[in-house]
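The first sequence maps to residues 332 to 660 in the numbering used here. For every residue, glycine included, the Cβ atom is placed at its ideal position computed from N, Cα and C. Since we're looking at a predicted model, the values are computed, not measured. Shown next, in structure tokens, is the structure this report addresses.
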Amino acid sequence: MSGRRRETTSGTTQTTLTTSATPPFDFAGTAYSNGWAVLAPNRWESDHCTLRRTERLGPGRVVYLAVTGDGSVRSPRIRIEVSHEGDLQASERAAVRSAVRRMFRLDEDLAPFHALCRTAGSRWEPASRGLGRLLRSPTLFEDAVKTICTTNVQWGGTKAMVRRLVEYLGEPGPPAGSTAETETRISVSGQDPNAFPTPEAIAAASGKTLEAARLGYRAPFIRELAERVASGDLDLEVLRRPELVTEDVRRRFLAIKGVGAYAAATLLMLVGRYDHLAVDSVYRAFVTERYFGGESPQDREAERIYDEWGKWKYLGFWYDLWQGPEEDL
DNA sequence: TTCCAGGGGTAGA
DNA sequence: TCTACCCATGGA
């Protein structure tokens with residue numbers, strides 16, 4: 332990890348940090364892997380292969396991140412440009428590095444999955460070259476709120492709900508600077524969004540504010556989740572611990588109101604457990620077309636398609652979907 | 001207007 | 001454990 336700082340004319344400072352990833356690692360294939368890259372406060376610039384994000388480091392302390400890869404698969408490095416006011420303390424640099432490493436799963440061992448891909452046939456072989464690290468959020472709270480916002484709604488609705496939550500309840504970052512580099516950022520990405528709202532902010536939101544976010548029947552679920560996390564009644568982060576039994580983690584996800592089988596499987600994926608498939612309309616449509624000749628199977632039958640992937644079945648399906656239905660079986 | 005989405009909660013069997 | 005019904009919202 333290294334750092335370099337540069338003053339701008341607006342009082343905003345840009346500090347560049349770098350961190351490494353264990354090869355094989357595909358930066359773009361990780362950042363733009365599952366849709367999370369376009370849910371606020373993330374935004375994906377495909378032209379520059381850059382993931383941007385507004386990140387809250389503490390009360391009144393919000394920074395902008397621009398994350399890029401160096402294109403190397405074998406000795407990959409990640410560059411994090413932090414736009415901030417004042418000095419970026421050592422603890423804040425560590426927090427930024429930790430957030431990015433968690434988002435890109437840089438400490439997750441996918442070697443067994445990649446090994447499976449090399450033996451699963453030509454369709455999956457490309458995934459062994461650094462794919463399968465599905466983007467996630469710095470906190471499990473943010474991931475849980477976003478997952479609930481994916482239920483029973485089209486993707487455009489999910490994006491709109493999350494965008495409104497961020498706009499109405501997130502903390503704004505510092506005003507944009509005026510250097511050429513910063514102006515490039517503005518011209519490319521538009522107005523920077525707020526940071527993702529804290530559990531406390533959502534718990535304390537007025538009824539009118541949540542109503543304006545148009546979360547529909549999800550609003551009381553998200554409110555209750557925020558209240559439980561803010562009060563300390565629910566510690567989501569402990570569910571990331573690898574020593575926990577997957578089925579216990581799943582039961583604890585299912586105990587969250589608004590989380591059913593689909594959302595629990597999604598959250599398990601987000602904590603690095605791929606044993607369960609998130610069977611939704613996308614899954615059903617894909618396997619119906621690719622494996623059942625267009626005739627809708629029962630869910631149990633549909634799930635058996637990926638049995639051979641064992642504890643990696645979520646990623647087995649994810650890459651199958653990524654490849655699309657066209658290729659011959 | 002009707003259907004349904006990257007479903008889930010609840011009641012009743 | 002299974003089914004039926006209901007749940008806001010918005011796009012097609």
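How many angstroms separate the CA atom of residue i from the CA atom of residue j?
i    : j    : result
I636 : V610 : 12 Å
E542 : N525 : 19 Å
C380 : A359 : 6 Å
R582 : I479 : 16 Å
S537 : V476 : 17 Å
M600 : K588 : 19 Å
P354 : Y650 : 19 Å
E574 : E634 : 26 Å
G400 : E626 : 42 Å
G487 : L546 : 13 Å
L466 : V369 : 11 Å
L291 : M492 : Any question about residue 291 goes unanswered here, given that the chain covers just 332 to 660.
G402 : T361 : 12 Å
So, for residue i: in the same chain, excluding its five sequence neighbours on each side, which residues have a beta-carbon less than 8 Å away from its beta-carbon?
i    : result
V602 : L471, L570, R571 and V580
L585 : G591, A592 and A595
K644 : Y605, D606, H607, L608, Y637 and D638
T619 : G625, E626, S627, P628 and A633
S520 : For S520, the predicted structure reports a pLDDT of 43, less than 50, and the residue's modelled location is therefore unreliable. A value from the coordinates is still provided. Same-chain partners within the cutoff: R374, E376 and R383.
Give the DSSP-derived three-state secondary structure of residue i in the structure shown.
i    : result
W375 : strand
L598 : helix
Y637 : helix
G487 : helix
R449 : helix
Y363 : coil
I533 : helix
S414 : strand
G603 : coil
S562 : helix
Q345 : strand
V394 : strand
T540 : helix
G400 : strand
E386 : strand
When burial is assigned at 16 or more other CB atoms within 10 Å of the CB, is residue i buried or exposed?
i    : result
N317 : It is not possible to answer for residue 317, since the shown part of the chain is limited to 332 through 660.
D440 : exposed
D418 : exposed
V576 : exposed
E412 : buried
K539 : exposed
D638 : exposed
Y548 : exposed
S468 : buried
If you drop the 5 nearest sequence neighbours on each side, which residues of the same chain put their C-beta closer than 6 Å to that of residue i?
i    : result
G463 : L441, F444 and L646
A426 : L388
E512 : Unreliable placement is indicated for E512, whose pLDDT of 48 sits below 50; no coordinate value is reported for it.
E473 : F527
G461 : P355, F356, D357 and V404
For my contact list, residue i and residue j are in at a C-beta cut-off of 8 Å; report their separation, rounded to the angstrom.
i    : j    : result
R683 : S364 : Here the chain comprises residues numbered 332 to 660, so residue 683 is not present and cannot be evaluated.
R621 : P656 : 5 Å
F527 : G504 : F527 to G504, Cβ: 12 Å. No contact.
V404 : F356 : 6 Å
T489 : S414 : 27 Å between Cβ atoms; not a contact.
Give every residue of the same chain whose Cβ lies closer than 7 Å to the Cβ of residue i, excluding the five residues on either side of it in the sequence, and list them in chain order.
i    : result
E555 : K588
V497 : A371, P372, P524, N525, F527 and P528
R631 : none
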